[in-house]
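So for the sequence shown, the numbering used here puts the first residue at 4; every next one is plus one. We put the CB at the ideal spot given by N, CA and C, even for glycine. Working notes, beginning with the structure itself.
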Amino acid sequence: MGQDHHVPPVTGPERDAPTLIGVDVGGTFTDFVFQTDTGLEVLKRPTSVPDPGVAVRSGVDAWMAQHSARRQAEQAPRIRHGTTIATNAVLQRKGARTALIATAGFRDLLVLGRQNRPSLYALSQSRPALLIPDELRLEVRERVTATGDVQTPLDLEDVDRVIDRIKAMDVEAVCVVFLFSFLYPEHERAVGRRLAERLPDTPVSLSVDVLPEYREFERTITTATNAWLQPGVGRYLSRLARGLPHRSFDVMQSNGGTTGLRGASRLPVHLLVSGPAGGVVGALDTARIAMATATPHIMTLDMGGTSTDVALCQGGTPITTESDIGGLPIRVPLIDIHTVGAGGGSLARVDSAGTLRVGPGSAGAEPGPACYGRGGHQATVTDANLVLGRLLPDWPLGGDDGVSLKPELSEKAVARLGAALGGRGTVETALAIVDIANAAMERALRVVSVETGHNPAEFTLLPFGGAGALHACDLAQGLDMRHILVPETPGVLSAQGLLLAETTRIASRSVLMTDQEARHTPAVVAQAVRELTGEARRLLEEDGQTDFAVAVSADMRYRGQSHELQVPCPTPVTPDTIEQTLENFHLAHEKRFGFTDRQNGVEIVNLRVMATCPPPPSPVQAPAAPAETSSPEPTGTTLAWFSPEAATPIPWYARTSLAPEHRVIGPALILQPDCTTLVGLGWQALVDSWLNLQMTPLSTP
4 MGQDHHVPPV TGPERDAPTL IGVDVGGTFT DFVFQTDTGL EVLKRPTSVP DPGVAVRSGV
64 DAWMAQHSAR RQAEQAPRIR HGTTIATNAV LQRKGARTAL IATAGFRDLL VLGRQNRPSL
124 YALSQSRPAL LIPDELRLEV RERVTATGDV QTPLDLEDVD RVIDRIKAMD VEAVCVVFLF
184 SFLYPEHERA VGRRLAERLP DTPVSLSVDV LPEYREFERT ITTATNAWLQ PGVGRYLSRL
244 ARGLPHRSFD VMQSNGGTTG LRGASRLPVH LLVSGPAGGV VGALDTARIA MATATPHIMT
304 LDMGGTSTDV ALCQGGTPIT TESDIGGLPI RVPLIDIHTV GAGGGSLARV DSAGTLRVGP
364 GSAGAEPGPA CYGRGGHQAT VTDANLVLGR LLPDWPLGGD DGVSLKPELS EKAVARLGAA
424 LGGRGTVETA LAIVDIANAA MERALRVVSV ETGHNPAEFT LLPFGGAGAL HACDLAQGLD
484 MRHILVPETP GVLSAQGLLL AETTRIASRS VLMTDQEARH TPAVVAQAVR ELTGEARRLL
544 EEDGQTDFAV AVSADMRYRG QSHELQVPCP TPVTPDTIEQ TLENFHLAHE KRFGFTDRQN
604 GVEIVNLRVM ATCPPPPSPV QAPAAPAETS SPEPTGTTLA WFSPEAATPI PWYARTSLAP
664 EHRVIGPALI LQPDCTTLVG LGWQALVDSW LNLQMTPLST P
């Protein structure tokens, strides 16, 4: 058992100074990937609470200290960061004291909302807590019509009176949302200038900068959320930059592209799924190489310590502009990720009815699961897996500097829970904990597949995160999936994805025109695209980016519909490309809903331009040499429980001992510092040329 638990470099043993660092902060661990001239090296550290930036700084400094001699001759590496700071603020409702300035008569938009309800037939409804209280929702006299004409000019004296009230109420941030400002932005701009003059240290969010699109409630809530997040996110990023001086930073956005510190601080609403987005980018890159296709069909399973994130990818990144995060309908482009509160640290408990529940509460990084020995007493999914022999105590989580596991504490915690369940045995209780966590994750996978009209059997399951590969076989079997792809370093794939992400800026605008109007006035569409392209270019140039490509899309619908589909728009804009865009919509509608309505009119609601810069170059990983035999020698054996009746002796393998063409027959464990993979009963794992594990059922012909 005396194995070297340091995470190995992906290619080459030489340890060079890094040129790029990916850092992903999770609820339990903070993951680092260091890209050098010879390959990648990885590191895991427990996430620091309450300031996650402490672990980020200490991890980077500790690793760089090992390369101080080389570092002196190198330029300081660029850091790319995935963060949950914005997500946690929304979920915990820990944002800034924010004021809203609205058009007279519309201060209560946040209260009125939409008629949509999460539980249609519930007799009583609970509403998410408002971000902005009643006394901070203010009005000024101004009005713009639905055609963009000024009906009531902006009353600047009224604006000054409102600012006087804001100054007296100890406000940390301000948002400005006027009716139809996306058609006539001058009123919002004028208020923004006045606020900058009189409240120079207070961040201000204008809806024309955050979301210049129609639907006033969604525009208001998205802009309010941005303002509400600005002070906290700005402080966090400033502390991080001060703690790691002389280094450039990129921050992962929810759409799978990165932005600079300035952009992240100005528009934190684009960071709401920053952390999980890196995992999807990394998963797609892994699948494209391993499956030798540019358009892999995969379902991602990112199981960490606090939650599990799943996504369905049909050849590319699944982007949506309709999402609900913490009860807030956020309308910015982001990767379509579904999250459930089931992770390695999910707490198991007995409810008032005597039923076993798992999650969504989590032990987090502090105190962590009982087996961490840091004061946690409640059983978690990690404790259950340790009791069942699916984790080995001699392999610390995260490597030699990681967390040593104490199985006796897991036994006590699970045994206490079993006693509370009427005297259930420890193994029986541990199996039940894992089954309940698996059921929650399987439901999540069904939400993104079956409930959207897709057959899971037609997709490859790609598990990652610290615990994903431990549960993958059970989940695939429940969904009749026949192929699992486990990356070489699944525990840090989200951090690795940060290195692969493009730098992106998105500019959008509501245009609200019919297909006939677009056909008759293509110059109007072309002018809007030019202006949006210029805006996206300006945002990129703020971060020193000049080499970029542009992709144009439109949100479109049939006349009478209240929802849109985003479709690509060929450029340059001409009568022919407008016809192609309309055809793209018909095809997308048929693919999504199973029919078209070509006799009906089509409406173009929003135009959107995405400007992208390629990621920094990365070393090319060469295929590994195949093994001389297909049957590797086990590193050891252990006892694992798959039923309460008896333990089963199973082999375990160090991941570093496996080479291409090696085949592992389940049940078996494959151990590495960042993750443990369970090859389930009736499954086999084949190591491919890129050192991924390709798992299939033994019965596969």
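Kindly indicate which three-state DSSP category residue i falls into: helix, strand or coil?
i: ALA76; result: Low confidence applies to ALA76: its pLDDT is 41, below 50, so where it sits in the model is not reliable, and the reading given next is rough at best. Here ALA76 sits in coil by DSSP.
i: ASP558; result: strand
i: TRP686; result: strand
i: TYR239; result: helix
i: ALA297; result: coil
i: ASP397; result: coil
i: THR680; result: strand
i: LEU303; result: The question names Leu, but residue 303 is Thr in the sequence shown. THR303 falls in the strand class under three-state DSSP.
i: GLN154; result: strand
i: PRO2; result: Absent from the structure is residue 2, since the part of the chain shown begins at 4 and ends at 704.
i: TYR124; result: coil
i: LEU661; result: coil
i: HIS8; result: Unreliable placement is indicated for HIS8, whose pLDDT of 36 sits below 50; the coordinate value is still reported in the next sentence. It is coil, neither helix nor strand.
i: LEU359; result: strand
i: GLN675; result: strand
i: ILE705; result: The requested residue 705 does not occur in the structure, where the chain is confined to residues 4 to 704.
i: ASP27; result: strand
i: LEU412; result: helix
i: ASP312; result: strand
i: ASP354; result: coil
i: SER702; result: coil
i: ALA280; result: helix
i: THR650; result: Checking the sequence shown, residue 650 turns out to be Ala, not Thr. Strand, per DSSP.
i: ASP161; result: helix
i: PRO629; result: coil
i: GLU142; result: strand
Under the assumption that residue i contacts residue j (Cβ atoms under 8 angstroms), give the Cβ distance between them as a whole number of angstroms.
i: PRO372; j: GLY348; result: 6 angstroms
i: ALA368; j: GLY30; result: 7 angstroms
i: GLY469; j: LEU400; result: 7 angstroms
i: THR298; j: GLY318; result: 3 angstroms
i: VAL165; j: HIS341; result: The Cβ separation is near 40 angstroms, so there is no contact.
i: ASN388; j: LEU473; result: 6 angstroms
i: VAL177; j: ILE104; result: 7 angstroms
i: ALA435; j: ASP386; result: Their Cβ separation, rounded to whole angstroms, is 13 angstroms, which puts ALA435 and ASP386 out of contact at 8 angstroms.
i: THR33; j: PRO55; result: 7 angstroms
i: LEU681; j: LEU672; result: 6 angstroms
i: THR507; j: THR574; result: Not quite, the Cβ-Cβ distance comes to about 17 angstroms (not below 8 angstroms), so this is no contact.
i: THR289; j: ARG83; result: About 17 angstroms; that fails the 8 angstroms criterion.
i: VAL213; j: LEU270; result: 7 angstroms
Do residue j and residue i have their beta-carbon atoms positioned less than 8 angstroms apart in this structure?
i: LEU209; j: LEU240; result: no
i: PHE705; j: VAL147; result: The structure shown does not extend to residue 705, since the chain spans only 4 to 704, so no value can be given for it.
i: VAL26; j: PHE35; result: yes
i: CYS476; j: GLY683; result: yes
i: GLY308; j: THR641; result: no
i: THR383; j: ALA422; result: no
i: VAL283; j: THR320; result: yes
i: ALA447; j: VAL313; result: yes
i: THR429; j: GLU411; result: no
i: GLY669; j: GLN697; result: no
i: GLU606; j: ARG562; result: yes
i: MET306; j: LEU315; result: no
i: GLN233; j: PRO215; result: no
i: SER277; j: MET255; result: yes
i: GLY266; j: LEU542; result: yes
Under a CB-based cut-off of 8 angstroms, is residue i close to chain D?
i: GLY348; result: The displayed structure is made up of one protein chain only, and chain D is not part of it.
Any chance the segment 493-502 sits against the segment 582-593, with 3 or more Cβ pairs inside 8 angstroms? no
Please go through the segment 513-601 and give each complete alpha helix (DSSP H) segment of 4 or more residues, from N-terminal end onward. 518-523, 525-545, 578-596
Should the segment 611-628 be called in touch with the segment 508-528, which here means at least 3 C-beta pairs below 8 angstroms? Yes, the segment 611-628 is in contact with the segment 508-528.
Would you call the segment 100-108 and the segment 142-159 touching, i.e. three or more CB-CB distances under 8 angstroms? Short answer: they touch.
Within the segment 31-70, note down every full beta strand (DSSP E) run reaching 3 residues or more, in order along the chain. 32-38, 43-49
Runs of beta strand (DSSP E) wholly within the segment 182-260 (minimum 3 residues, chain order): 207-209, 252-255
Can you give, in chain order, each stretch of the alpha helix (DSSP H) that sits fully within the segment 449-508 and has at least 4 residues? 471-481, 496-503
Is it the case that the segment 592-605 contacts the segment 58-72, given that we only count it when at least three CB pairs across the two stretches are under 8 angstroms? no
Segment contact flag, the segment 516-533 with the segment 633-649, C-beta cutoff 8 angstroms, min 3 pairs: No contact exists between the segment 516-533 and the segment 633-649.
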